[in-house]
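Residue numbers (my numbering): 5 to 95.
Ideal placement from N, C-alpha and C gives every residue a C-beta, glycine not left out.
Here the structure comes first, spelled out in structure tokens, and everything after it is commentary.
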Amino acid sequence: MESTQTKEIDIRKDVCPMTTVRVRLALDRLAPGSCLGIKLAGEEPHRNVALAIRMLGHTILEDNAWDEGDANYYLLVRKSDDNTKASDPSA
């Protein structure tokens, strides 16, 4: 039985638009159906990254504030099985 591992990235020190760019690159490297855990800081990066993930057709499985005092967030994303929308650069 094949186990699905979750890749994780920590982009808490990055600023927009690099937060979205790093997430996009990490998702592009994953196989369809794989998961990506993302640690990020700040409400604006959280909003922008979550919006980009949804627009690319991926699914956010978890969206948690994990250190409420500093506005840190953790997103768990499942890469879309249908890679046509996620791969489209115009998306």
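Quick one, are the C-beta atoms of residue i and residue j less than 8 Å apart?
i: Asn52; j: Thr24; result: yes
i: Leu44; j: Arg16; result: yes
i: Ile42; j: Val19; result: no
i: Leu31; j: His62; result: yes
i: Leu55; j: Glu66; result: no
i: Asp74; j: Pro36; result: no
DSSP has residue i in a bridge; who is on the other side?
i: Cys39; result: Thr10 and Arg82
i: Glu66; result: Leu80
i: Ala45; result: Asn76
What first and last residue would you give for the alpha helix (DSSP H) that runs through residue i?
i: Asp32; result: Met22 to Asp32
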